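Chemist: These protein sequence lines map, in sequence, to chains A and B.
Take 250 as the starting number for the first sequence in our numbering and just add one per residue.
Take 1229 as the starting number for the second sequence in our numbering and just add one per residue.
Glycine included, every Cβ here is placed at the ideal spot set by N, Cα and C.
As the structure is a prediction and not an experimental result, all values here were calculated from the model.
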Amino acid sequence: NAGVTQTPKFRVLKTGQSMTLLCAQDMNHEYMYWYRQDPGMGLRLIHYSVGEGTTAKGEVPDGYNVSRLKKQNFLLGLESAAPSQTSVYFCASSYSGVFSYNEQFFGPGTRLTVL
Amino acid sequence: DAKTTQPNSMESNEEEPVHLPCNHSTISGTDYIHWYRQLPSQGPEYVIHGLTSNVNNRMASLAIAEDRKSSTLILHRATLRDAAVYYCILSLASGSRLTFGEGTQLTVNP
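Right, dumping it as structure tokens:
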């Protein structure tokens, strides 16, 4: 199993450009998440999804949109990139069992620089 | 979510035990204590979790105070590969929303 994969690994954008980050998981997990991590800080939740076709806002959703059209994929979009969105973006997924512990599995991250 | 307090950094020597503390004085009765770690240039990975009783797994042990206002992650024999940022997080068992603080940067000296 590949686990959680993220595409691309690195990207440089100019202010105002748009892009989409792709997250894919092969563990049949219901829940998926997008976090950002700024230098020297912990991760902050941007958006998350509890199932195909559903998304919800996290702690820092402004400037981002997400879509979960397929269970295995979770897309994060930046419509008009700003320098403040320079960060490392991590995707994660977890199972949704009610009677089990649902640890989150993280991808390797996407390093995004907005000039 | 209830907040946790961890030291910014700790140092250990290789093959010695490491005790990483976490204070969570406002923990609620339904909060689980989760520990994740983040190796350099990688995404976080799950380490261990617990509710009231001490827990052991292949990676570490979790000691929880009787009043649950603090906990300690124990690495029994630190290796160089254990050098990472360790995050103590409170959340419901499902872990659907994890709030990461700044964590403790653990340095392991050879």
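(1) Tell me the DSSP secondary structure of B/Asn1308 in three-state form.
(2) Which two residues bound the contiguous beta strand (DSSP E) that contains B/Leu1279?
(3) Hey, is the segment 269 to 282 of chain A in contact with the segment 337 to 356 of chain A, meaning 3+ C-beta pairs nearer than 8 Å?
(4) Taking CB distances under 8 Å as the criterion, tell me whether A/Phe339 reaches chain B.
(5) Inspect the CB distances between the segment 1298 to 1310 of chain B and the segment 1238 to 1254 of chain B and report whether three or more fall short of 8 Å.
(6) Could you check what DSSP says for A/Ser333 in three-state terms: helix, strand or coil?
(7) Who are the Cβ neighbours of A/Arg293 in its own chain at under 7 Å, not counting the five residues just before and after it?
(8) Do A/Phe339 and A/Gly358 have their C-beta atoms closer together than 8 Å?
(9) Buried or exposed, going by whether 16 or more other CB atoms sit within 10 Å of the CB of B/His1247?
(10) What residues of chain A sit near B/Gln1270, judged by a beta carbon separation below 9 Å?
(11) Helix or strand or just coil, what does DSSP make of B/Ser1269?
(12) Is there a Cβ from chain B that is less than 8 Å from the Cβ of A/Leu361?
(13) Pick out the complete beta strand (DSSP E) segments inside the segment 257 to 308 of chain A, 3 residues or longer, and give them in chain order.
(14) Using the beta-carbon count (16 or more within 10 Å), is B/Asp1310 buried or exposed?
(15) What first and last residue would you give for the beta strand (DSSP E) that runs through A/Gly326?
(16) If you run the structure through DSSP and keep just helix, strand and coil, what is B/His1252?
(17) Run down chain A in chain order and give the residues with a C-beta less than 7 Å from the C-beta of B/Gly1278.
(18) Return the Cβ separation of B/Thr1300 and B/Ala1291 in integer angstroms, given the expectation that the two are a contact with Cβ distance under 8 Å.
(19) Out of B/Arg1265, B/Gly1331, B/Thr1258 and B/Arg1325, which has the shortest C-alpha to C-alpha gap to A/Asn351?
Modeler: In brief:
(1) Residue identity differs from the one stated: residue 1308 of chain B is Leu in this sequence, not Asn. DSSP, reduced to helix, strand and coil, places B/Leu1308 within a helical segment of the structure shown.
(2) No beta strand (DSSP E) holds B/Leu1279; DSSP gives it neither H nor E.
(3) With contact defined as three or more Cβ pairs closer than 8 Å, the segment 269 to 282 of chain A and the segment 337 to 356 of chain A are in contact.
(4) Taking CB atoms only, A/Phe339 has a neighbour in chain B less than 8 Å away.
(5) Yes, since at least three Cβ pairs between the segment 1298 to 1310 of chain B and the segment 1238 to 1254 of chain B fall closer than 8 Å, the two stretches touch.
(6) In this structure, DSSP gives A/Ser333 a helical state, which the three-state scheme calls helix.
(7) The beta carbon of A/Arg293 sits closer than 7 Å to the beta carbons of Tyr284, Arg285, Glu308 and Val309 from its chain, once the five residues preceding and following it are set aside; these are given in chain order.
(8) A Cβ-Cβ contact shorter than 8 Å links A/Phe339 with A/Gly358.
(9) Result: exposed.
(10) Going along chain A in sequence order, the residues near B/Gln1270 (Cβ under 9 Å) are Phe355, Pro357 and Gly358.
(11) DSSP places B/Ser1269 in the coil class of the three-state scheme, outside both helix and strand.
(12) No - not a single Cβ of chain B is within 8 Å of the one on A/Leu361.
(13) DSSP runs (the beta strand (DSSP E)) wholly in the segment 257 to 308 of chain A: 259 to 262, 268 to 274, 280 to 286, 292 to 300 and 303 to 306.
(14) Around the Cβ of B/Asp1310, a 10 Å sphere holds 16 or more other Cβ atoms; the residue is buried.
(15) Its beta strand (DSSP E) spans residues Asn322 to Leu327.
(16) Coil.
(17) Within chain A, not a single residue places a beta-carbon under 7 Å from that of B/Gly1278; the smallest gap is close to 10 Å.
(18) Confirmed, Cβ separation roughly 5 Å.
(19) Distances from the alpha-carbon of A/Asn351 to those of B/Arg1265, B/Gly1331, B/Thr1258 and B/Arg1325 put B/Arg1325 closest.
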